[in-house]
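Peer 1:
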Amino acid sequence: MRFLALLIAALMACAAQAQDTIKIGVITDRVGVSKPYSEPATEGMVFGASEINKKGGVLGRKIELLVEDDQSKPDVSAALARKLIDQGAVFILSVSLSPATQQQQTVTMEAKTPQMTPMNSADYLTTQLNNPYFWQTGPLGSVQIATLLAHAKSKNLKRVALITDNSDLGQAIGKAFRGAIERAGIQIVDEEVVPLGTTSATAQMQKIRSANPDALFVAGVVTATNVLIFKSYRELGLKFPIHASYNLSVPIYMTAAKGLIDGITFVDAYDPEKAEVKAFEAAYRKETGKEPVNLHGYGYDGIMMVAEAIRKAGSTDKEKIRAAMQSMSYEGVMGAKGMKYSFPEGKRAGFDPNGMVVRVYEGDRQGRVVHVGQK
Amino acid sequence: MRAGGFVFFKTNHMSGLLRWLIAAVVLSAAAFFMGEYHNDVYRKLLLWVTLALGYNFLFGICGQVAFSHFAFYGIGAYSIVIFLFQLHLPFPIAVLCGIALCILFALAVAIPSTRLEGFYLALATLALGQLFIVVLNEGGSVTGGTGGIANYRLPELFGMRVRGPWYTGVIVLLLVFTYSILKRLDDSWFGRACRAVRDNPEAAAAMGVDVARTKVIAFTLTSALAGVAGMVYAFVDNTVNPPIFGIENAFLLLFMVIVGGAGRHAGAVIGAVLLFLLPFWLSPLVGHHHALVFGVLVVAAILFQPGGLIGLWDRFSRSRS
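Chains as they are written, first to last, in this note's numbering: chain A, 1 to 375; chain B, 376 to 696.
1. In chain B, what lies closer than 8 Å to residue 69 of chain A by C-beta?
2. Quick one: which chain A residues come within Cβ less than 7 Å of residue 412 of chain B?
3. For residue 425 of chain B, is the classification buried or exposed, using 16 other Cβ atoms within 10 angstroms of its Cβ as the cut-off for buried?
4. So, residue 480 of chain B versus residue 598 of chain B, is the Cβ gap smaller than 9 Å?
5. Could you please give the first and the last residue of the uninterrupted alpha helix (DSSP H) stretch that includes residue 216 of chain A?
6. Taking residue 640 of chain B and residue 431 of chain B to be in contact with their CB atoms under 8 Å, please state how far apart those CB atoms are, rounded to whole angstroms.
7. Rounded to whole angstroms, what's the CA-CA distance from residue 206 of chain A to residue 265 of chain A? Just pull it up for me.
8. Identify the contact partners of residue 106 of chain A in chain B, using a Cβ-Cβ distance below 8 Å as the criterion.
9. I need the straight-line Cα distance from residue 30 of chain A to residue 674 of chain B, nearest angstrom please.
10. If you run the structure through DSSP and keep just helix, strand and coil, what is residue 266 of chain A?
11. For residue 84 of chain A, which option in A:258, A:32 and A:114 has the closest C-alpha, if you only look at C-alpha atoms?
12. Do you know offhand how far residue 448 of chain B's Cα is from residue 502 of chain B's?
13. Skipping 5 residues on each side, what residues in its chain have a beta carbon closer than 8 Å to that of residue 1 of chain A?
14. What ranges does the alpha helix (DSSP H) occupy inside the segment 120 to 177 of chain A, keeping only unbroken runs of at least 4 residues that lie completely in it?
15. Residue 124 of chain A versus chain B: which residues are under 7 Å apart at the beta carbon?
16. Please classify residue 136 of chain A: is it buried, with 16 or more other beta-carbons within 10 angstroms of its beta-carbon, or exposed?
17. For residue 209 of chain A, which residues of its own chain have a beta-carbon under 7 Å away from its beta-carbon, when the five flanking residues on both sides are left out?
18. Between the segment 437 to 459 of chain B and chain A, which residues of the former have CB atoms less than 9 Å from a CB of the latter, in chain order?
19. Can you tell me where the alpha helix (DSSP H) holding residue 690 of chain B begins and where it ends?
20. Just to confirm the assignment: which complete alpha helix (DSSP H) runs, minimum length 4, are found wholly within the segment 6 to 81 of chain A?
21. Flag residue 619 of chain B as yes if its beta-carbon sits less than 9 Å from any beta-carbon of chain A, otherwise no.
22. So who's on the other strand from residue 663 of chain B, going by DSSP bridges?
23. Compare the C-alpha of residue 75 of chain A against each of A:326, A:102, A:359 and A:198 and name the closest.
24. Rounded to a whole number of angstroms, what is the C-alpha to C-alpha distance between residue 613 of chain B and residue 549 of chain B?
25. Looking at C-alpha atoms only, which residue of A:278, A:334 and A:271 is the closest neighbour of residue 368 of chain A?
26. Just the C-alpha distance for residue 666 of chain B and residue 676 of chain B, rounded to the nearest angstrom, thanks.
27. If you check the beta carbons only, do residue 189 of chain A and residue 152 of chain A fall under 9 Å apart?
28. How about residue 171 of chain A and residue 246 of chain A: do their beta carbons lie closer than 9 Å?
29. Would the segment 87 to 98 of chain A and the segment 343 to 355 of chain A be scored as touching if the rule is three or more Cβ pairs under 8 Å?
30. Determine, using beta carbons only, whether residue 36 of chain A comes closer than 9 Å to chain B.
31. Where does residue 532 of chain B land, buried or exposed, given buried means 16+ other C-beta within 10 angstroms?
32. Tell me which residues of the segment 28 to 58 of chain A have at least one Cβ-Cβ distance to chain B shorter than 7 Å, keeping chain order.
33. Give the straight-line distance between the Cα atoms of residue 361 of chain A and residue 498 of chain B, rounded to the nearest whole angstrom.
34. Anything in the segment 145 to 170 of chain A with a Cβ closer than 9 Å to a Cβ of chain B? List those residues in chain order, please.
35. Is residue 514 of chain B close to chain A, meaning its C-beta is less than 9 Å from at least one C-beta of that chain?
36. Using a Cβ-Cβ cut-off of less than 9 Å, give me the residues of the segment 545 to 558 of chain B that come near chain A, in sequence order.
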């Protein structure tokens with residue numbers, strides 16, 4: 001009898017412990033193709049969670065992040081979503097590959113578990129499946145291109161050249177750029193592809209030089225080939241401006257393309273002059289001793305919004321969290337000054353279409369904002 | 376030695392049939408004792424084992440270094456989804472069309488490839504694998520582009536929808552079906568012909584083996600089996616997308632067969648189980664360094680144990696007896 005009482009006491013203690021924290025699942029990539037994006041975003045989340053916990057947590061309970069590595073494999077990713085749900089996660093944050101996030105959705109939809117990607121940009125994530133438990137706050141690919149084009153229009157460009165690499169994503173973005181440029185009534189005078197593994201882009205850049213464009217659009221996403229493009233641009237002494245895809249917002253260029261990138265404009269979702277960004281960067285530096293980059297901001301905003309949703313829901317009931325999330329309006333680190341994430345009229349892609357900015361490299365640093373939104 | 380060529384399940388093989396049945400029941404029953412997560416990992420593991428068995432026949436037994444196995448897995452998966460939900464064909468016809476498509480593609484690759492061997496076959500099939508991914512990404516509304524196809528469910532059959540652990544049963548049947556075919560073939564004249572072609576094509580030809588025909592049949596058959604596995608995969612998560620069928624998975628399959636022991640069915644099973652589960656086991660212990668362990672394991676297997684892990688087991692059991 002005493003043994004039974006002890007057992008019950010032990011079980012209750014375990015249950016109380018389980019009650020202690022609010023579990024949030026994170027699916028990231030530590031070894032695969034999206035590692036360069038996923039890792040900083042995850043670090044941003046870990047930092048955000050520690051900040052929340054320092055201030056007493058949410059609903060009087062601490063937040064516990066359960067981080068899983070899917071290696072950018074969508075099938076593994078879906079299995080991990082099941083694991084996190086089995087372990088009691090009330091929300092899943094996805095910062096791996098877009099198709100991985102999509103495959104997780106087949107699980108969260110069935111298990112009615114709230115899920116959000118604070119970073120993925122694929123347009124199909126909220127349109128392909130009617131999953132009321134899923135939100136996306138990463139800026140959509142279509143918004144990125146529209147913002148870059150709006151900036152180009154303000155420069156009154158008439159004739160432009162387009163260059164990309166032959167990776168899957170590079171080709172896809174190149175195609176999207178071409179469509180958007182043509183729709184804007186701007187003439188494409190030359191289009192070049194730099195194959196992966198090549199050692200020089202000089203031939204392509206010479207052809208572009210002879211076409212004499214007003215500006216060059218760089219749609220490539222592979223760092224090595226983009227660096228070759230910028231190198232040839234400098235060597236040939238070209239003067240037309242370069243407008244680059246979102247890929248140039250990845251911090252690697254500040255070191256990999258040293259001395260080559262001054263003056264290049266690129267689309268981003270991060271304004272270093274924004275008050276929230278300054279506060280975030282100072283706090284991050286103080287806590288970790290490391291320099292934050294824009295990608296950290298995505299993860300930070302993600303965990304902050306989830307905490308806010310749980311706070312608003314007043315409980316960890318998944319249905320209440322879902323409702324709180326859908327009615328959310330939140331101003332975070334990412335986006336132009338004053339931008340708020342919101343999901344009006346049942347929409348689940350929450351990044352404001354006018355919230356992206358165009359920035360310019362100043363020396364080797366990602367510098368000031370030169371254009372905001374699609375206008 | 377068993378004579379009898381291609382005849383499956385002869386009456387004196389009834390006990391064999393019973394063995395298959397018991398294996399299927401045991402493997403399926405296991406699914407009912409697992410949680411959602413373990414069931415999902417189990418399902419995906421069984422699919423990898425199925426693929427590894429087929430690839431082992433092609434690479435390990437027939438000696439063809441081909442990287443198209445995952446492309447056929449993908450052709451199967453995408454074709455069943457497209458036939459069922461875009462062309463709205465009835466289920467059995469969609470399955471048959473999917474298999475026919477795989478066989479057609481396999482023949483289209485295999486017949487010209489008989490002129491190629493070793494390195495050149497590897498390159499040709501590598502190109503096919505890459506091309507397949509490009510087609511998937513560029514396929515517009517037919518393939519769904521980079522996002523693939525989602526938002527579909529397994530149609531009801533006889534008023535029932537197979538799901539959860541019951542669907543694991545379907546995958547077990549696929550595995551047992553694939554293995555029984557490959558085992559029968561391996562034990563038959565055809566299996567010996569394949570091994571002869573692998574070891575010395577000239578000698579095989581001198582002994583009356585039609586080398587080209589043997590190669591084409593082995594390639595087409597294993598590719599079609601991969602296609603069927605792909606059809607089953609399509610309903611595991613009810614979504615298909617390009618990264619699943621990428622070329623790195625074709626390499627992983629090759630490593631599974633090599634680490635396990637090329638040319639041996641048990642080797643393929645061991646390799647697939649080990650390399651698929653490795654990240655799941657090691658991630659909580661060593662974090663992302665599991666990729667390093669994977670690399671060391673593959674290099675060690677190639678350098679020190681060309682017979683694979685099953686070779687180690689052979690040595691162990693020999694020394695014991």
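Every residue gets a Cβ at the ideal spot worked out from N, C-alpha and C, and that includes glycine.
Peer 2: Judging by the given coordinates:
1. Those are 654, 658, 662 and 663, listed as they occur along chain B.
2. In chain order: 79, 82, 83 and 86.
3. Counting every other CB atom within 10 Å of its CB across the protein chains shown gives residue 425 of chain B a total of 16 or more, marking it as buried.
4. Cβ distance < 9 Å, so residue 480 of chain B and residue 598 of chain B count as in contact.
5. Membership of residue 216 of chain A in any alpha helix (DSSP H) is not indicated; the residue belongs instead to the beta strand (DSSP E) covering 215 to 218.
6. Correct: roughly 7 Å between the Cβ atoms.
7. The alpha-carbon atoms of residue 206 of chain A and residue 265 of chain A are separated by roughly 21 Å.
8. Against chain B, the beta carbon of residue 106 of chain A has neighbours under 8 Å at 525, 612, 613 and 614, listed in chain order.
9. Computed Cα separation, rounded: 22 Å.
10. Under the three-state reduction of DSSP, residue 266 of chain A is assigned to strand.
11. Nearest neighbour of residue 84 of chain A by Cα position, chosen from A:258, A:32 and A:114, turns out to be A:114.
12. Inter-residue distance for residue 448 of chain B and residue 502 of chain B is about 16 Å (C-alpha atoms, whole angstroms).
13. Interpretation of residue 1 of chain A is limited by its pLDDT of 49, a score under 50 that renders its predicted location unreliable; the figure taken from the coordinates is listed afterwards. Cβ within range, chain order: n/a, list empty.
14. Counting whole runs of 4 or more residues, the segment 120 to 177 of chain A contains the alpha helix (DSSP H) stretches 141 to 154.
15. Those within 7 Å of residue 124 of chain A in chain B are 522.
16. Counting Cβ neighbours within 10 Å, residue 136 of chain A comes out buried, since at least 16 surround it.
17. If we look at residue 209 of chain A and ignore the five residues flanking it on each side, its Cβ neighbours are 236 and 238.
18. If you check each beta-carbon in the segment 437 to 459 of chain B against every beta-carbon of chain A, none falls closer than 9 Å.
19. Unbroken alpha helix (DSSP H) run through residue 690 of chain B: 683 to 695.
20. Note on the segment 6 to 81 of chain A: whole alpha helix (DSSP H) runs with a minimum of 4 residues are 35 to 54, in chain order.
21. Put simply, the CB of residue 619 of chain B is near chain A, with a gap under 9 Å to one of its CB atoms.
22. Beta-bridge pairing links residue 663 of chain B to no other residue.
23. Comparing Cα positions, the closest option is A:102.
24. Computed Cα separation, rounded: 18 Å.
25. Selected option, being the one with the closest Cα: A:271.
26. Roughly 15 Å between the two C-alpha positions.
27. Result no, Cβ atoms of residue 189 of chain A and residue 152 of chain A do not sit closer than 9 Å.
28. Taking 9 Å as the Cβ cut-off, residue 171 of chain A and residue 246 of chain A do not qualify as a contacting pair.
29. Judged by Cβ distances under 8 Å, the segment 87 to 98 of chain A makes no contact with the segment 343 to 355 of chain A, as fewer than three pairs qualify.
30. Residue 36 of chain A does not count as touching chain B.
31. By the Cβ-count criterion, residue 532 of chain B is exposed, with fewer than 16 other Cβ atoms from all chains shown falling within 10 Å of its own Cβ.
32. Residues 30 and 31.
33. CA-CA distance, residue 361 of chain A to residue 498 of chain B, rounds to 42 Å.
34. Cβ proximity to chain B below 9 Å picks out 168 and 169 from the segment 145 to 170 of chain A.
35. When Cβ-Cβ separations below 9 Å define contact, residue 514 of chain B makes no contact with chain A.
36. So the list is empty, because no residue satisfies the distance condition.
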